[in-house]
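Here's the structure we're looking at; comments come further down.
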Amino acid sequence: MPYAENDVVGDIAKGILSQAVTIDFNRSLFDTTECATYTEISAATNKHPYVIDTRMVISGDSISNIQSVIADAGDWVFNATGQLYWAKKETWDPIPEAKRDTRAVIKAAGDAYLDSWADGKVKVPYGTPCARLEGGSYTGNSNPTGNTCHMPEFPKPFAGAGNRRYVIDEEMGGVGILNDFPFIEKTKPDGTPSTNFIRVEGGMIRYIHETTVCATRNCGR
Numbered sequence: 004m005p006y007a008e009n010d011v012v013g014d015i016a017k018g019i020l021s022q023a024v025t026i027d028f029n030r031s032l033f034d035t036t037e038c039a040t041y042t043e044i045s046a047a048t049n050k051h052p053y054v055i056d057t058r059m060v061i062s063g064d065s066i067s068n069i070q071s072v073i074a075d076a077g078d079w080v081f082n083a084t085g086q087l088y089w090a091k092k093e094t095w096d097p098i099p100e101a102k103r104d105t106r107a108v109i110k111a112a113g114d115a116y117l118d119s120w121a122d123g124k125v126k127v128p129y130g131t132p133c134a135r136l137e138g139g140s141y142t143g144n145s146n147p148t149g150n151t152c153h154m155p156e157f158p159k160p161f162a163g164a165g166n167r168r169y170v171i172d173e174e175m176g177g178v179g180i181l182n183d184f185p186f187i188e189k190t191k192p193d194g195t196p197s198t199n200f201i202r203v204e205g206g207m208i209r210y211i212h213e214t215t216v217c218a219t220r221n222c223g224r
């Protein structure tokens, strides 16, 4: 079974899943169409604090692929305590069936957000309010009723976040997107492992969580 941590294929028996980790909070998506799951784990009180985002793909009655983005000290604006605090405050209740968005709408919202990094003319369906949790930094702290999610276009030659892998859950209005984020890590211009965990309500983005791994402390910035 393929197993990768931060885009590096390895032995699951030697990976983080083989360790005892104190889980303070977790939130999951279940993709019943593509038979996949996405879980965000906050491990702030673990001896070694982590934020872990994991995508699992199921084939038949077995797990066929596991990919994790594992962030810890030195990664982009990492603060496990802050991440835990803000993640627990958010409301990600199941959406009543009559109000659920389609898979296509949820995926399009996530793609528009990522696409806008390379092309500022892309219209992103930000809701009001909308808050982004980036590492342990929360944009909604200063303006909880406003749209604080907007991201400007990155400087050229930014080509956009590639290698996108999706998990979509209509009941939760959520999409988890593993991707390679270029530009931010100076030593990896083609992209560093990153995830965007997005909540969509009524076709509009309500929450965005970003976890990004750095090869150098705080991605050299």
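Residue numbers for the sequence shown follow this note's numbering, so the first one is 4 and each next one is one higher. Note that CB positions come from ideal geometry on N, CA and C, so glycine has one too. Computed from a prediction, not measured in an experiment: that's the story for all the values here.
Along the segment 43 to 97, the beta strand (DSSP E) occurs as fully enclosed runs of 3 or more residues at 53 to 62 and 65 to 74, listed in sequence order. Fewer than three pairs of CB atoms, one per stretch, sit closer than 8 Å, so the segment 185 to 192 makes no contact with the segment 40 to 57. Secondary structure note for L117: it is in no beta strand (DSSP E), and the uninterrupted alpha helix (DSSP H) holding it is R106 to D118. If you ignore the 5 residues before and after S119, its C-beta comes within less than 6 Å of the C-beta of V125 and V127, all in its own chain and listed in chain order. Residue pairing by DSSP puts A39 in a beta bridge opposite D34 and V60. In this structure, the alpha-carbon of T215 lies about 16 Å from that of L87.
Straight across, the Cα-Cα distance linking G130 with A101 is about 19 Å.
Residue pairing by DSSP puts N199 in a beta bridge opposite I180 and E213. For I171, the secondary structure class from DSSP, reduced to helix, strand or coil, is strand.
Counting every other CB atom within 10 Å of its CB across the protein chains shown gives G113 a total of 16 or more, marking it as buried. Counting only the Cα atoms, A74 lies some 19 Å from T40. Of all alpha-carbon atoms in V11, H212, I208 and G13, the one lying nearest the alpha-carbon of A115 is that of I208. When the five nearest sequence neighbours on each side are left out, no beta carbon in the same chain lies closer than 6 Å to the beta carbon of K50.
The segment 146 to 166 and the segment 87 to 97 do not touch, with fewer than three beta-carbon pairs separated by less than 8 Å. Per DSSP, the beta bridge partners of G165 are D183. The shortest C-alpha to C-alpha distance from A111 to any of G194, G138, V203 and H212 is the one to V203.
In the three-state reduction of the DSSP assignment, T131 falls in the strand class, which pools E and B. Judged by beta-carbon spacing, I15 lies within the 8 Å limit of Y6, meaning their Cβ atoms are closer than that value.
In the three-state reduction of the DSSP assignment, N9 falls in the coil class. Rounded to the nearest whole angstrom, the C-alpha separation of P196 and F184 is 6 Å. With 16 or more other Cβ atoms from the protein chains shown falling within 10 Å of its own Cβ, V72 counts as buried. One alpha carbon belongs to F157, the other to Q70, and they sit about 27 Å apart.
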